[in-house]
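Structure, as structure tokens:
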Amino acid sequence: MSLRRKNIESDLPQNDIDFELGFGSKFTGGLSYIVNQDGSYNIDKRGIDRSTVYEHMLQLPFPLFILELLGFFIGINAIFAFLYLLLGPGQLYGLSAGSFTDHFFDAFFFSIHTFTTIGYGNIYPTGWVAHLLVILDSFTGLLLVAIATGILFVRFSRAKVKLKFSENMLIAPFKDGKSLQFRMVNSSKNILLNVDANITATWLETQKDGTAKRKFQRLPLEIEHVYMLPLNWTVVHPIDDKSPLHHTNKMEREKNMMEFLIMVRAYDAQYNQQIFKSYSYTCEKIVDGAKFKPMYYSTHEKTILDLRELGTYDKI
């Protein structure tokens, strides 16, 4: 693994004056009130315009996306079926003799044949009004199939971020002192290049007037950039006298509502796209005096990376 080491005493912003994460210093709630653990926003925006259909369809889980497409397909053909029946008798030739329900299903399947340009031919329009409705039906079908295909293509063409993070952060021995560590791994077979990671610590600090102010500090890392990520990466923040973790214990971290936001950026070589991933840890997820267990080993032919060992550690 090729690495580029950064001097710990770098020019990274070290306080809330130089560095603002975007939450503001007046926000005194926990980070989880804004950012979920997986990095998504935990914010209910009100008083804004509704999202477009395009945005909605892109954000849906894939099973719901298919179900909505199917529901829309059935619904619009049901509407056209009613329109065909409203034209009156004689406008569609070949309808089976029977009840209104029988006629509706005949018109419904005729609409599907027209909508999808199948056109079996056992039912066909006879009046000019019916022909106009068939033109509208077929044009709507062509248009919506093209739109659905485009949305489906966009969904499949976007890079899927499959970075996994250890369940806990550890305060582990590091050289002559201690460090804050977490571990991450690329769980997909895609090749990730130029991977950057950073940790932002946030906590509440009581001011002279007794009010609480939220502080932010980007933590310097031993290594903040790797050129490739074929194995796991243990991200290490050395705890020195400038670190907000210096001489703190679990009780103090919980009192100050200390949390950590992880932000990762990488280049996905398969999709030729830049990807981003965020993750967060609360102070309850910090384990003092522990060390991660190895999660890969070598055989005669290859290296085995066991993702099940991502979060395992030994107390020391």
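According to this note's numbering, the stretch in the sequence shown is residues 871 to 1186, in order.
Where a beta carbon is used, it is the ideal one built from N, C-alpha and C, also for glycine.
Report the rounded CA-to-CA distance for residue i versus residue j, giving the unit in angstroms.
i: Thr1173; j: Met1098; result: 16 Å
i: Leu1175; j: Val1031; result: 19 Å
i: Phe932; j: His926; result: 12 Å
i: Ile1017; j: Ser1168; result: 49 Å
i: Thr986; j: Asp1007; result: 9 Å
i: Tyr1166; j: Ser1058; result: 16 Å
i: Val824; j: Tyr1151; result: Given a span of 871 to 1186 for the chain in the structure shown, any question on residue 824 remains unanswerable.
i: Phe979; j: Leu1033; result: 46 Å
i: Ser1113; j: Met1054; result: 22 Å
i: Gln961; j: Ala967; result: 15 Å
i: Glu1179; j: Ile1132; result: 20 Å
i: Ile1061; j: Ala1139; result: 6 Å
i: Leu957; j: Arg1028; result: 45 Å
i: Ile1021; j: Leu934; result: 14 Å
i: Gly1144; j: Leu1002; result: The residue asked about is misnamed: residue 1144 is Gln in this sequence, not Gly. Going from the Cα of Gln1144 to the Cα of Leu1002 covers about 48 Å.
i: Leu1063; j: Pro1100; result: 9 Å
i: Ala1071; j: Tyr1183; result: 23 Å
i: Thr1081; j: Met1121; result: 20 Å
i: Lys1147; j: Leu953; result: 49 Å
i: Gly941; j: Asn992; result: 26 Å
i: Asp908; j: Trp1073; result: 19 Å
i: His1170; j: Asn1102; result: 20 Å
i: Phe1162; j: Thr1104; result: 9 Å
i: Gly1011; j: Phe1026; result: 22 Å
i: Asn1068; j: Ile949; result: 53 Å
i: Ile944; j: Ser981; result: 10 Å
i: Val1024; j: Lys1045; result: 47 Å
Determine the extent of the beta strand (DSSP E) in which residue i is found, giving its start and end residues.
i: Val1055; result: 1047 to 1056
i: Pro933; result: No beta strand (DSSP E) holds Pro933; the alpha helix (DSSP H) holding it covers 932 to 956.
i: Arg1084; result: 1082 to 1089
i: Leu1040; result: 1039 to 1044
i: Val923; result: Here Val923 belongs to no beta strand (DSSP E); instead the alpha helix (DSSP H) covers 923 to 929.
i: Pro1100; result: From DSSP, Pro1100 is part of no beta strand (DSSP E); its letter is neither H nor E.
i: Lys1161; result: 1160 to 1162
What does residue i pair with, by DSSP beta-bridge criteria?
i: Arg1135; result: Asp1066, Phe1146
i: Ser1168; result: Thr1173
i: Tyr911; result: Val905
i: Thr1010; result: In DSSP, Thr1010 forms no bridge with anything.
Suppose the cutoff is 6 Å on Cβ atoms and the five residues either side in sequence are ignored; what does the same chain contact list for residue i look like?
i: Leu965; result: His973, Asp976
i: Glu1037; result: Gly1181
i: Tyr1123; result: It is worth fixing the name first, because residue 1123 is Arg in this sequence and not Tyr. So the qualifying residues of the chain are Cys1153.
i: Lys1048; result: Ile1041, Ile1109
Three-state secondary structure (DSSP) at residue i?
i: Thr1076; result: strand
i: Leu962; result: strand
i: Met1121; result: helix
i: Thr984; result: helix
i: Leu1092; result: The sequence shown places Glu at residue 1092, not Leu. Note: Glu1092 maps to coil in three-state DSSP.
i: His1116; result: coil
i: Thr1152; result: strand
i: Ala831; result: Given that the chain is displayed from residue 871 to residue 1186, the structure contains no residue 831 and the question cannot be resolved.
i: Met1128; result: coil
i: Ile1021; result: helix
i: Ala1029; result: coil
i: Ile1186; result: coil
i: Thr996; result: coil
i: Ile1109; result: strand
Can you name the start and end residues of the alpha helix (DSSP H) that residue i belongs to?
i: Leu1033; result: Careful: Leu1033 lies outside any alpha helix (DSSP H), inside the beta strand (DSSP E) at 1033 to 1035.
Going along the chain, which residues of its own chain have a beta-carbon closer than 7 Å to the beta-carbon of residue i, five neighbours each way excluded?
i: Leu1115; result: Leu1050, Ile1109
i: Trp998; result: none
i: Tyr994; result: Tyr963, Gly964
For residue i, which residues of its own chain have a beta-carbon under 8 Å away from its beta-carbon, when the five flanking residues on both sides are left out?
i: Asp1066; result: Glu1094, His1095, Val1134, Arg1135, Ala1136
i: Phe1009; result: none
i: Leu1177; result: Lys1034, Val1055, Ser1057, Met1165
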